[in-house]
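Student: Residue numbers (the working numbering): 1065 to 1406.
Note that the Cβ used here is the ideal one computed from N, Cα and C, for glycine as well.
Input: one structure, supplied below.
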Ligand code: 13P
C-alpha cells in the first residue's frame, strides 16, 4: 500500500469548493427515481441520464471532485463510444465505485440489516482499479426504531465496513466508509445524535483493530438530524452545531475529510446544513457533500428522459453542484437559490 498516494486521492476528493456526486444507485433504486419522472429504466436510459451529468461541464470541472458509480456504469460507454469513466477523468474528476452488494436481514435481529459483499471483494477491487476507480464506497444501514438499533447490528456492520476499508487500501483504493443512520421515523435530533455516536465510535474502533490508515479514507456519515416524521424538527443552526459537536467527539483529525450523505433531506436543506457547519469553522477535517438525491432530484426532473431537455438537466445539475460547492466553503446564501429561479 502506498499511503501517500491514498492520502493524495482522499485530499483531492475533499478539495476546497468541491464534493462528490453519488450516482451509484442500484438498478432497483434508479428505477424508482425514473418511475417518479415517467421514464422507463433501461440500460440505454440509465446511460443517457448519467452521460448528461458527466458532460455537465461547469459542475464537473468546478464543483465535483469525484463520482461514485454503480457496477453497470463503470463499464458503459457514452453514445459516441467514449467510456463514461473517461468523461469523468477528462473533466478532472475521480471515478469511484460502489462495491457493497446491498443489505440482507440480520439473523436474530428483527427489522435490522447487515450489508454484504465481502466475498471475492479483493478480486473485484483489482478489476475496478484497472478500470480507473481510485475510491470506493460501502454503505451500512442503521435504522432507529422501537428497541433498535441493537449493539449486534452496530457491531457486525462496523466490522464489515472495516473489512471492506482494509481490502480497499490493500488494493490502492480510497475507501469511503459510510455508516448511515436513517432519518426515517419520528425520533428527535438527540436520539439521532446518540445512535450516531455509538455507530461512529464502534466504526472507528473496528477501523483501528483492522489497521485501516485513517489518512487514506473518507467518512460519509449522516448529519445529526430529526427524523422525517418528528413533531418538531430541529432547525439549521441546531443541526449544524450538533453535527459538528458529534463529529469532533468521534472522528479523529487524521481523517482528511467528511462527505455527508443527504439521506432524504430536501435539496436546499442539505445545502443549508453543510453551509452552516462550514461557517462554524476551525474544523480538523474538510466537510463536504457526497449527495445522491440532493444533487440529482432537480436535474432528473428537468431532464425527464427527453433528449431535448439535456441542456435544462445540465443547467439544473450545474446549479445544485455550484450551491453545494459554495456550502463546502461556508459561502452559500439562500438568495442565490432565488436568483436561479428568476
Ligand atoms: P443520498 O444523498 O441520496 O442519501 O445518497 C447518498 C448515498 O450515496 C447513499 O448511499
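List the endpoints of the continuous alpha helix (DSSP H) containing residue 1352.
Tutor: Start at 1 with the first residue of the chain shown, and residue 1352 comes out as number 288. That residue, residue 1352, is in no alpha helix (DSSP H); its beta strand (DSSP E) goes 1350-1355.
Student: Please list, in chain order, all residues with a C-beta atom less than 5 Å from at least one heavy atom of ligand 1.
Tutor: Cβ atoms closer than 5 Å to ligand 1 belong to 1086, 1203, 1325, 1326, 1327, 1355, 1356 and 1357.
Student: Three or more C-beta pairs closer than 8 Å, one from the segment 1069-1089 and one from the segment 1128-1143: is that the case here?
Tutor: Counting Cβ pairs under 8 Å, three or more are found: they touch.
Student: Confirm, please, whether the CB-CB distance from residue 1250 to residue 1217 is below 8 Å.
Tutor: As a position in the chain shown, residue 1217 is number 153, starting the count at 1. As a position in the chain shown, residue 1250 is number 186, starting the count at 1. No. Outside cutoff.
Student: Between 1229, 1212, 1285 and 1333, which has its C-alpha nearest residue 1324's C-alpha?
Tutor: For the purposes of this step, residue 1324 is taken as the residue at position 260 of the chain shown. Of the listed residues, the one whose Cα sits closest to residue 1324 is 1285.
Student: Is it true that the CB of residue 1389 sits closer than 8 Å to the CB of residue 1081?
Tutor: One-based indexing of the chain shown puts residue 1081 at position 17. One-based indexing of the chain shown puts residue 1389 at position 325. In contact: residue 1081 and residue 1389 (Cβ atoms closer than 8 Å).
Student: Can the beta-carbon of residue 1253 be found less than 8 Å from the beta-carbon of residue 1290?
Tutor: Working through the chain shown from its first residue, we reach residue 1253 at position 189. Working through the chain shown from its first residue, we reach residue 1290 at position 226. Yes, Cβ-Cβ distance for residue 1253 and residue 1290 is below 8 Å.
Student: Residue 1334 lies in the beta strand (DSSP E); which residues open and close that run?
Tutor: Within the chain shown, residue 1334 is the residue found at index 270, counting from 1. First-last for residue 1334: 1331-1344, but that is the alpha helix (DSSP H), not the beta strand (DSSP E).
Student: Per DSSP, which one or two residues make a beta bridge with residue 1200?
Tutor: On the chain shown, position 136 is the one that residue 1200 refers to. DSSP lists 1161 and 1239 as partners of residue 1200.
Student: Near residue 1334, which residues of its chain fall below 8 Å by C-beta distance, leaving aside the five closest residues on each side in sequence?
Tutor: On the chain shown, residue 1334 is found 270 positions in, with the first residue counted as 1. Answer for residue 1334: 1324, 1326, 1353, 1355, 1358 and 1388, listed in chain order.
Student: When the Cα atoms are used, what is the spatial distance from residue 1153 to residue 1268?
Tutor: Residue mapping note: residue 1153 aligns to position 89 of the chain shown, counting from 1. Residue mapping note: residue 1268 aligns to position 204 of the chain shown, counting from 1. Roughly 31 Å between the two C-alpha positions.
Student: Measuring only the C-alpha atoms, how far is residue 1408 from residue 1391?
Tutor: Shown here, the chain extends from 1065 to 1406; a query on residue 1408 therefore has no answer.
Student: Figure out for me which residue from 1236, 1167 and 1176 has the closest Cα to the Cα of residue 1410.
Tutor: Residue 1410 falls outside the range modelled here, since the chain spans only 1065 to 1406, and no answer is possible.
Student: Within 10 Å of its beta-carbon, does residue 1076 have 16 or more other beta-carbons around it, so buried, or fewer, so exposed?
Tutor: What you label residue 1076 is simply residue 12 of the chain shown in a count that begins at 1. Answer is buried; the Cβ neighbour count reaches 16.
Student: If you measure between the beta carbons of residue 1079 and residue 1320, is that distance less than 8 Å?
Tutor: Taking the first residue of the chain shown as 1, we reach residue 1079 at position 15. Taking the first residue of the chain shown as 1, we reach residue 1320 at position 256. No, the Cβ-Cβ distance between residue 1079 and residue 1320 is not below 8 Å.
Student: Pick helix, strand or coil for residue 1129, following the three-state DSSP scheme.
Tutor: Against the chain shown, residue 1129 aligns to sequence position 65. Strand, per DSSP.
Student: Once you ignore the five residues that flank residue 1275 on each side, which residues in its own chain have a CB closer than 7 Å to its CB?
Tutor: The residue you call residue 1275 lines up with position 211 of the chain shown. For residue 1275, where only same-chain residues beyond five positions count, the Cβ hits under 7 Å are 1230.
Student: With burial defined as no fewer than 16 other Cβ atoms inside 10 Å of the residue's Cβ, what is the status of residue 1259: buried or exposed?
Tutor: Stepping through the chain shown from its first residue, residue 1259 is reached at position 195. With 16 or more other Cβ atoms within 10 Å, it is buried.
Student: My guess is that residue 1246 and residue 1206 are in contact by the Cβ rule of under 8 Å, so how many angstroms apart are they, rounded?
Tutor: In the chain shown, the residue the question calls residue 1246 occupies position 182. In the chain shown, the residue the question calls residue 1206 occupies position 142. Right, the Cβ-Cβ distance comes to about 7 Å (below 8 Å), so this counts as a contact.
Student: Please classify residue 1233: does DSSP put it in a helix, a strand, or coil?
Tutor: Locating residue 1233 in the chain shown gives position 169, where the first residue counts as 1. Three-state result, residue 1233: helix.
Student: When we look at the beta-carbon of residue 1239 and count the other beta-carbons within 10 Å, is it buried (16 or more) or exposed?
Tutor: Translated into positions along the chain shown, residue 1239 becomes position 175. By the 10 Å Cβ count, residue 1239 comes out buried.
Student: Judging by CA-CA distance, which residue of 1225, 1395 and 1151 is the nearest neighbour of residue 1118?
Tutor: In the chain shown, counting from the first residue as 1, residue 1118 sits at position 54. It is 1151 whose Cα lies nearest to the Cα of residue 1118.
Student: Please state if the CB of residue 1315 and the CB of residue 1351 are separated by a distance shorter than 8 Å.
Tutor: The residue given as residue 1351 occupies position 287 in the chain shown. The residue given as residue 1315 occupies position 251 in the chain shown. Going by C-beta atoms, residue 1351 is not nearer than 8 Å to residue 1315.
Student: Who are the Cβ neighbours of residue 1068 in its own chain at under 7 Å, not counting the five residues just before and after it?
Tutor: Taking the first residue of the chain shown as position 1, residue 1068 is located at position 4. Within the same chain, residue 1068 has no close Cβ partners at all.
Student: Tell me whether residue 1406 is buried or exposed, calling it buried when 16 or more other Cβ atoms sit within 10 Å of its Cβ.
Tutor: Residue 1406 sits at position 342 when you count from the first residue of the chain shown. Residue placement at residue 1406 is poorly supported in this model, since its pLDDT is 48, which falls under 50; the coordinates still yield a value, given next. Under this definition residue 1406 is an exposed residue.
Student: Between 1401, 1400 and 1384, which has its C-alpha nearest residue 1124's C-alpha?
Tutor: Translated into the one-based positions of the chain shown, residue 1124 becomes position 60. Measuring from the Cα of residue 1124, the nearest candidate turns out to be 1384.
Student: Going by DSSP, what residue range makes up the alpha helix (DSSP H) through residue 1261?
Tutor: As a working note, residue 1261 is residue 197 in the chain shown. Here the alpha helix (DSSP H) through residue 1261 covers 1253-1273.
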